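> Quick one: the structure is below, questions incoming.
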Amino acid sequence: MSSPARIAIGVSACLLGQHVRYDGGHKADAIVTARLGSHWDLVPICPELAVGLGVPRPPIQLRQSVDGKTRAVGIYDEQLDPSESLLGLGHRLGHQLQHLCGYVFKARSPSCGLYTVPVTRADGTVLENGMGLYARGFLERRPGMPVEEEGNLNVPQRYENFIERICFYRRWLDLTTKGMPRSGALVTFHTRHKFQFLAHDQAGYRELGRWIAQLGGRWHKDFDPNEYLVLAMGTLSVSPSAGNHVNSLQHLLGFFKTSRSQQERNELTRKFEAYGSGIGSLLPLLDELRAWAARDRQDYVAEQSYLNPTLAERDLRVWR
Ligand code: SF4
6 MSSPARIAIG VSACLLGQHV RYDGGHKADA IVTARLGSHW DLVPICPELA VGLGVPRPPI
66 QLRQSVDGKT RAVGIYDEQL DPSESLLGLG HRLGHQLQHL CGYVFKARSP SCGLYTVPVT
126 RADGTVLENG MGLYARGFLE RRPGMPVEEE GNLNVPQRYE NFIERICFYR RWLDLTTKGM
186 PRSGALVTFH TRHKFQFLAH DQAGYRELGR WIAQLGGRWH KDFDPNEYLV LAMGTLSVSP
246 SAGNHVNSLQ HLLGFFKTSR SQQERNELTR KFEAYGSGIG SLLPLLDELR AWAARDRQDY
306 VAEQSYLNPT LAERDLRVWR
């Protein structure tokens with residue numbers, strides 16, 4: 006199920022050690038450069054440089070204007086207002102850089118930050134947390150795209166979740182970049198991810214199933230495939246528990262009732278239970294089931310994304 010071309014992800018350029026910050030400095034991040042960079046192509050983008058603010062440049066911050074809108078203005082010079090340029094650049098690049106499968110944004114930046122960028126009043130007091138204007142524009146064009154701030158990648162569950170969503174998104178782009186998929190192709194895509202969804206969130210899987218069921222074997226112009234993508238990403242955003250993994254494994258084992266002896270299945274069940282109680286790791290169990298599926302010609306099982314983690318996914322702590 007993996008695609009041969011390398012995955013590319015966008016990265017705030019300062020996180021890659023480029024001297025593009027307002028003061029000429031950088032914020033090189035080892036997880037981004039070493040870990041993500043060992044698997045994927047990293048595409049550096051500095052929006053403030055791209056809209057012509059230069060280096061060094063006067064610093065900007067998010068400010069709530071009198072009409073209630075959030076703008077990016079100079080901290081020391083309110084006449085400096087690149088808000089429209091940053092938002093417009095986000096829209097443009099979100100549309101143009103269709104090959105990007107994810108994006109790591111610099112936290113707290115008025116251009117790049119995702120979650121906790123301070124939005125101030127005119128008197129300088131902090132009103133609330135907002136999103137950088139470039140990041141907002143980009144995401145308005147790419148709903149469902151996996152994004153994260155660099156600081157959150159230090160949290161193992163967040164890191165692993167980000168990796169898995171990027172690999173999923175890559176397969177989604179493979180399905181959709183040539184145009185809207187036919188309903189049959191979308192159903193096949195969904196079916197191949199069944200046990201991955203179940204390992205993350207059973208309620209999310211059921212919701213996705215209802216969305217697919219309304220297709221009714223026909224494709225309708227009113228169906229927006231991005232609705233499916235957003236639901237799928239929400240499901241994958243839930244961290245899988247060991248219990249959910251064991252549940253998915255047991256379900257898959259059920260496909261070997263006729264081709265494998267009771268003794269073989271009991272042995273594997275014991276390994277699943279050991280994993281569920283904290284002994285051993287998941288990856289050898291996935292590999293063993295995939296080998297069974299290949300030998301027993303169980304194509305439905307063999308093609309499950311759950312049993313075919315990419316190299317980047319095989320590197321994850323939770324599966325080792
Ligand atoms: Fe450039 Fe964004 Fe880094 Fe600021 S946070 S220096 S705008 S890449």
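Quick note, the numbering used here runs 5 ahead of the 1-based positions in the sequence shown.
Backbone N, C-alpha and C fix where the C-beta goes; we use that ideal spot for every residue, glycine too.
No experiment lies behind these values; they were computed from the predicted model shown.
Under the rule that 16 or more other beta-carbon atoms within 10 Å means buried, what is Pro289, buried or exposed?
exposed
> Between the beta-carbon of Phe200 and the beta-carbon of Ser253, is there less than 8 Å?
yes
> In terms of residue numbering, what span does the alpha helix (DSSP H) encompassing Pro123 cover?
Looking at the DSSP string, Pro123 is not in any alpha helix (DSSP H); the run it does join, the beta strand (DSSP E), is Val122 to Thr125.
> Tell me the residue span of the beta strand (DSSP E) that contains Asp46.
Asp46 to Ile50
> What is the DSSP secondary structure of Val152, reduced to helix, strand or coil?
strand
> Report the CB separation of Pro63 from Tyr81 in whole angstroms; it is logged as a contact under 8 Å.
With a Cβ gap of about 6 Å, Pro63 and Tyr81 count as contacting.
> Can Ala307 and Arg319 be called in contact, C-beta distance under 8 Å?
no
> CA-CA distance, Val243 and Tyr280?
20 Å
> Helix, strand or coil: which one does DSSP assign to Gly134?
Per the sequence presented here, residue 134 reads as Asn, with Gly not at that position. In the structure shown, Asn134 sits in a strand (DSSP, three-state: E or B).
> Give me the Cα-Cα distance between Ala18 and Thr263, rounded to the nearest whole angstrom.
Taking the straight line from one Cα to the other gives about 55 Å.
> Does DSSP put Thr181 in a helix, a strand or coil?
Reduced to three states, the DSSP call for Thr181 is helix.
> Can you check DSSP and say which residues form a bridge with Leu105?
Ala13
> Are the CB atoms of Leu178 and Lys106 within a distance shorter than 8 Å?
Reading off the sequence, residue 106 comes out as Cys, not Lys. Yes, the pair counts as a contact, with Cβ atoms nearer than the cut-off.
> Between Leu21 and Ala33, how many whole angstroms is the CB-CB distance? I'm expecting something under 8 Å.
7 Å
> Does Thr130 pass the burial test, meaning 16 or more other C-beta atoms within 10 Å, or should it be called exposed?
exposed
> Considering only residues of the same chain and omitting the five flanking positions on each side of Tyr174, which have a CB-CB separation below 7 Å?
Closer than 7 Å at Cβ, skipping near neighbours: Cys106, Gly107, Met150 and Pro151.
> On the three-state DSSP scale, how would you describe Ile284?
coil
> Within 10 Å of its beta-carbon, does Gln268 have 16 or more other beta-carbons around it, so buried, or fewer, so exposed?
So Gln268 ends up on the exposed side.
> Say yes only if the C-beta of Pro64 is nearer than 7 Å to one or more non-hydrogen atoms of the ligand SF4, and no if none qualify.
no
> Who are the Cβ neighbours of Val25 in its own chain at under 8 Å, not counting the five residues just before and after it?
Ala18, Cys19, His31, Cys51, Glu53, Leu54 and Val60
> By the three-class DSSP mapping on this structure, what secondary structure does Thr240 have?
helix
> Buried or exposed: where does His198 fall if 16 or more other Cβ atoms within 10 Å of its Cβ makes it buried?
buried
> Check whether the stretch 104-123 and the stretch 139-148 touch, using three or more Cβ-Cβ pairs below 8 Å as the test.
Put simply, the stretch 104-123 touches the stretch 139-148. At least three CB pairs are less than 8 Å apart.
> Of all the options Asn249, Leu213 and Ala35, which has the alpha carbon lying nearest to the alpha carbon of Asn159?
Ala35
> Under 7 Å: does the beta carbon of Glu53 sit that close to some heavy atom of the ligand SF4?
yes
> Could you say which of Leu67, Tyr311 and His44 lies nearest to His205 if we only look at CA atoms?
Tyr311
> Where does Phe167 sit, in a helix, a strand or coil, going by DSSP?
helix
> Need the endpoints of the alpha helix (DSSP H) that Arg197 sits in, please.
Ser188 to Arg197
> I'd like the ranges of any beta strand (DSSP E) spanning at least 3 consecutive residues and lying wholly in the stretch 19-100.
46-50, 65-69 and 75-79
> Which whole-angstrom value is the C-beta distance of Gly239 and Gly259, which I expect to be below 8 Å?
Contact doesn't hold; Cβ gap of about 27 Å is too wide.
> Any idea which residues DSSP pairs Phe110 with across the strands?
Glu154
> Suppose the cutoff is 8 Å on Cβ atoms and the five residues either side in sequence are ignored; what does the same chain contact list for His250 look like?
Ala204, Tyr280, Gly281 and Leu287
> Leaving out the 5 sequence neighbours to the left and right, which residues in its chain are closer than 8 Å to Asp86 when beta-carbon positions are compared?
Arg76, Ala77, Val78 and Gly79
> Thinking Leu234 and Glu212 are a contact (beta carbons under 8 Å), I'd like their distance in whole angstroms, please.
With a Cβ gap of about 13 Å, Leu234 and Glu212 do not count as contacting.
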